[in-house]
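So that you can map any letter, position 198 of the sequence shown is 892 in this note's numbering, and since no number is skipped, the others follow by simple counting.
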Amino acid sequence: MTRPVFKRILLKLSGEALMGEGEYGIDPLTVARMAEEVKAAKDTGLEICLVIGGGNIFRGMAGAAKGMDRAQADYMGMLATVMNALAMQNALEQLGVHTRVQSAIQMDAVCEPVIRRRAERHLEKGRIVIFAAGVGSPYFTTDSGAALRAAEMKCNALFKGTSVDGVYNADPKKDANAVRYDTLSYDRVLQDNLKVMDASAVALCRDNGIPIVVFSIREQGNLARVLAGDGTATIVQEEN
Ligand code: UDP
695 MTRPVFKRIL LKLSGEALMG EGEYGIDPLT VARMAEEVKA AKDTGLEICL
745 VIGGGNIFRG MAGAAKGMDR AQADYMGMLA TVMNALAMQN ALEQLGVHTR
795 VQSAIQMDAV CEPVIRRRAE RHLEKGRIVI FAAGVGSPYF TTDSGAALRA
845 AEMKCNALFK GTSVDGVYNA DPKKDANAVR YDTLSYDRVL QDNLKVMDAS
895 AVALCRDNGI PIVVFSIREQ GNLARVLAGD GTATIVQEEN
């Protein structure tokens, strides 16, 4: 499959990508490996915006299911994404990659607030900008945060790193006959309720013409391969 060449991308990693073999939290070795993947992509000359989820630490829905107020739980989830962003910043800087964290919930002592023009300047200077705290509001997810930042930062594509190598017509972990799509339209994803990203995030990408590339972040070197147009992935875009 040939894919377009990108100048600026948004990379979304779920919080679970940072927990390694564990069931919870941040595994420093795994974060270091993820940082190497990101650095390899950066070394190809790309400008990279990064969004990391918080599901390895706290999800609002899980808190709500146990009786917490949903909005309160969601704010805790947003704080979890800030912790992950700081962990990734640390790992990237240990590799010599310059980064800035911008949080949608202001936290002056640890990171910058989200300021689009400043983020633009960071990217121009070759820094990776890690956007934390999603959209900054409860009842959203970091997928929506990723789509929003991809749109406002004019990213050419949103790369979603997951534990599977694309989008299937059934869960490949449960169904041996599940078939992976090479390409899909946004509307098909929404109509068939395919598990790519939240519907609001998919709709935002559709309305702004941002292709979504779903690939496995677990295979070493895969991000750089997928960026080069090789490797296995599913691309969600407008069908001609
Ligand atoms: N969250 C939120 N608003 C946002 C982004 C995140 O309320 O704009 C909360 C929400 O509770 C969510 C949690 O933060 O469950 C962690 O984010 P997410 O579930 O998207 O993480 P991922 O699944 O990507 O690890």
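Glycine included, each C-beta is placed from N, C-alpha and C at the ideal position.
**Q.** Those residues which DSSP pairs with Ser797 across a bridge
**A.** Pro807, Ala826
Q: Please name the residue in Lys868, Phe825, Phe853, Arg794 whose C-alpha comes closest to that of Lys701.
A: Phe853
Q. Is any heavy atom in ligand 1 found nearer than 7 Å to the beta carbon of Asp768?
A. yes
Q | Phe853 CB to nearest heavy atom of ligand 1 below 7 Å | A | no
(Q) Can you check which of these residues, Lys760, Thr835, Thr793, is closest to Lys733 by C-alpha distance? (A) Thr793
Q. By how many angstroms is the C-alpha of Leu707 removed from the C-alpha of Leu744?
A. 8 Å
Q. If you compare alpha carbons, which of Ala774, Ala759, Leu704 is closest to Arg749?
A. Sequence check: residue 749 is Gly here, not Arg. Out of Ala774, Ala759, Leu704, Ala774 has the C-alpha closest to the C-alpha of Gly749.
Q. Is the beta carbon of Ile742 sitting closer than 8 Å to the one on Leu780?
A. no
Q. So, using beta-carbon positions, are Arg874 and Gly855 closer together than 8 Å?
A. no
Q. Does the distance from the CB of Ile799 to the CB of Ala827 come in under 8 Å?
A. yes
Q: Report yes if the C-beta distance between Thr835 and Asp901 is below 8 Å; otherwise report no.
A: no
Q. Of the residues Asp869, Asp865, Glu913, Arg727, which one's Cα is nearest the Cα of Val890?
A. Asp865
Q) Around the C-beta of Glu932, are 16 or more other C-beta atoms found within 10 angstroms, so that it is buried, or is it exposed? A) exposed
Q) Taking a cut-off of 5 Å, which residues have a beta-carbon closer than that to any heavy atom of ligand 1, in chain order? A) Ser708, Gly709, Gly747, Gly748, Gly749, Arg753, Gly754, Asp768, Gly771, Met772, Gly828, Val829, Pro832, Phe834, Thr835, Thr836, Gly839
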